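Residue numbers (the working numbering), protein chains in the order written: chain A, 73 to 233; chain B, 73 to 233.
Every residue gets a Cβ at the ideal spot worked out from N, C-alpha and C, and that includes glycine.
As the structure is a computational prediction, the values presented were derived from the model and not from experiment.
2 protein chains.
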Amino acid sequence: MEPTRTATSAPGSDVCDDEQRVGEIGHALFRVARAHRAAAGRLLREIGLYPGQEVMLGRLADHGPTRQSRLVLELGIDPSTVTKMLQRLERQDLVERRADAVDRRVSVVAITSKGRELLDSIEESWRRLDEITCAGFTEADRSALSSLLVRLEHNLSTCQE
Amino acid sequence: MEPTRTATSAPGSDVCDDEQRVGEIGHALFRVARAHRAAAGRLLREIGLYPGQEVMLGRLADHGPTRQSRLVLELGIDPSTVTKMLQRLERQDLVERRADAVDRRVSVVAITSKGRELLDSIEESWRRLDEITCAGFTEADRSALSSLLVRLEHNLSTCQE
DNA sequence: ACAATATCATTGGCCGACCAACTATTGCTA
DNA sequence: TAGCAATAGTTGGTCGGCCAATGATATTGT
């Protein structure tokens with residue numbers, strides 16, 4: 073017996089044309105995201121940094137001292153995630169945190185010189201990753217992808233319910 | 073002092089045009105993936121399932137009993153990840169595992185009827201997620217995205233070094 | 001036949017993501 | 001001013017990735 077996944081598929085379409093079933097975009101996105109993170113991990117491993125750390129350091133390098141709540145908003149991740157990432161980065165002296173003078177609740181984060189050096193040494197790997205990711209893409213492909221990603225990001229950000 | 077991230081940026085380009093810097097595609101992919109997973113989590117939460125579990129159950133529903141090593145290959149994830157996911161799914165009676173008779177190393181996995189029911193009840197949410205994700209997309213946009221994702225997946229899969 | 005090797009799965013440990021619950025402030029308001 | 005609500009971060013727990021190391025079987029080679 074051939075198990076079919078959906079009892080509610082469109083009537084008369086028992087040919088599974090090209091496995092275009094429900095949520096195909098979502099599933100594809102899932103797989104791509106996993107593969108990309110894994111590839112990033114492999115590339116960064118030799119340098120001793122994790123993918124998420126690269127992203128966080130990059131943000132800090134671009135903008136100078138930042139309060140954590142701002143990182144939460146800009147990176148779109150949970151406050152607790154930011155806390156834990158920063159704790160790990162701080163342990164490695166890649167980041168510094170100090171309490172704000174006027175509002176003692178907030179903690180202000182900045183990249184250290186060691187962090188900036190590490191980031192620079194990583195840049196080449198990261199560029200290479202984009203090269204691998206987009207291998208065989210024309211300039212038009214890349215810009216189409218870029219634009220689609222921006223739209224996806226926007227759509228998903230307006231769905232916090 | 074305005075911290076600039078790259079000492080190696082293209083000469084004469086101190087205008088940060090539209091933050092098209094190194095690894096922009098990679099970073100955008102990161103953000104989209106995070107947002108998508110988070111949105112999936114929120115939608116599935118009410119049903120009591122996690123995004124990864126939906127994917128795993130979907131695969132099992134589509135193809136019948138499967139050895140774990142095959143799931144590893146098809147889903148492109150680590151064996152240990154498969155083990156742990158299946159342990160959790162098994163605890164919830166959404167999946168069954170039994171040792172293969174001829175080769176006692178392999179364990180064969182199948183979705184249970186309970187798992188299949190749950191999956192059906194989720195389908196609508198998952199479809200809705202794709203709808204949210206691709207809101208405002210034309211049919212052409214969707215198919216472009218689909219095709220790009222397939223190409224990305226392929227590129228990334230051929231980079232296991 | 002026995003040893004070496006390869007394969008399948010598991011365990012343990014770490015990172016990153018979430019949520020829920022909590023502490024410590026600050027701010028507002030009655 | 002006293003008290004309550006809002007805000008900033010942290011802690012603890014769970015899921016899903018990864019890697020490294022192990023145990024249990026199969027397979028292969030000599």
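Open item on the list: Whole angstroms are fine: how far does the CA of H226(B) sit from the CA of T138(B)?
Closed with: Looking at the two C-alpha atoms, the distance is approximately 23 Å.
Open item on the list: To test your reading of the DSSP string, which unbroken beta strand (DSSP E) runs of 3 or more residues are found completely within the segment 165-214 of chain A?
Closed with: Qualifying beta strand (DSSP E) stretches, in chain order: 167-171 and 179-183.
Open item on the list: For I97(A), report the span of its alpha helix (DSSP H) as first-last.
Closed with: That run of the alpha helix (DSSP H) goes E96 to R117.
Open item on the list: Using a Cβ-based criterion (distance less than 8 Å to any ligand heavy atom), does L161(A) qualify as near the ligand PLP?
Closed with: Absence of the ligand PLP from the depicted structure is noted, as is the absence of any ligand whatsoever, leaving it without description.
TODO: Would you kindly check if the distance between the Cβ of L101(B) and the Cβ of W198(B) is under 9 Å?
DONE: Not closer than 9 Å, so no.
Task: Of the residues D150(A), T230(A), T205(A) and D213(A), the one placed nearest A111(A), counting alpha carbons only - done: Of the candidates D150(A), T230(A), T205(A) and D213(A), T205(A) places its Cα closest to the Cα of A111(A).
Open item on the list: Between V181(B) and chain A, is the shortest Cβ-Cβ distance under 9 Å, so that the two count as touching?
Closed with: Taking a beta-carbon distance threshold of 9 Å, V181(B) does not count as an interface residue toward chain A.
- [ ] Assuming G148(A) and R103(B) form a contact by the criterion Cβ under 8 Å, report the distance between their Cβ atoms to the nearest whole angstrom.
- [x] The beta-carbon distance between G148(A) and R103(B), rounded to whole angstroms, is 6 Å. This is short enough to meet the 8 Å contact definition.
Task: Below-9 Å beta-carbon distance, I149(B) vs any chain A residue - done: Judged by the 9 Å Cβ criterion, I149(B) is in contact with chain A.
Open item on the list: Determine whether the beta carbon atoms of A105(B) and A105(A) lie at a separation below 9 Å.
Closed with: Taking the C-beta atoms as reference points, A105(A) is found nearer than 9 Å to A105(B).
- [ ] Would you grab the beta carbon distance between R170(A) and V180(A) for me? Rounded to a whole angstrom, and I think it's under 8 Å.
- [x] That pair is a contact at about 6 Å.
Task: Reference E162(A), options S185(A), G113(A) and D192(A), closest by Cα - done: Comparing alpha-carbon positions, the option among S185(A), G113(A) and D192(A) lying closest to E162(A) turns out to be S185(A).
Task: Contact list for L224(B) against chain A, beta-carbon separation under 7 Å - done: One finds V104 and T205 in chain A with Cβ atoms closer than 7 Å to the Cβ of L224(B), taken in chain order.
Task: Spatially closest choice to R117(A) from L158(A), A133(A), L190(A) and S218(A), by CA coordinates - done: When only C-alpha atoms are compared, the closest one is L190(A).
- [ ] Return yes when the Cβ of I183(A) is within less than 9 Å of the Cβ of L132(A), no when it is not.
- [x] Yes, the Cβ-Cβ distance between L132(A) and I183(A) is below 9 Å.
Open item on the list: Judging by CA-CA distance, which residue of V222(B), G130(B), R176(B) and D175(B) is the nearest neighbour of S193(B)?
Closed with: Measuring from the Cα of S193(B), the nearest candidate turns out to be G130(B).
TODO: Name the two residues that bound the continuous alpha helix (DSSP H) containing V155(A).
DONE: First, the residue type needs correcting, since residue 155(A) is Thr and not Val in the sequence shown. Run containing T155(A): P151 to R163, per the alpha helix (DSSP H) assignment.
TODO: Just mark R109(B) as buried or exposed, buried being the case when its beta carbon has 16 or more other beta carbons within 10 Å.
DONE: Only buried fits R109(B), as 16 or more other CB atoms lie within 10 angstroms of its CB.
- [ ] For R188(A), I'd like the list of residues in its chain whose CB is within less than 7 Å of its CB, leaving aside the five on either flank, ordered along the chain.
- [x] Taken in chain order, the residues that qualify are A133.
Open item on the list: Measuring only the C-alpha atoms, how far is F209(A) from Q140(A)?
Closed with: About 37 Å.
Open item on the list: Does the CB of R109(B) have a neighbour CB from chain A at under 9 Å?
Closed with: At a cut-off of 9 Å between beta-carbon atoms, R109(B) makes contact with chain A.
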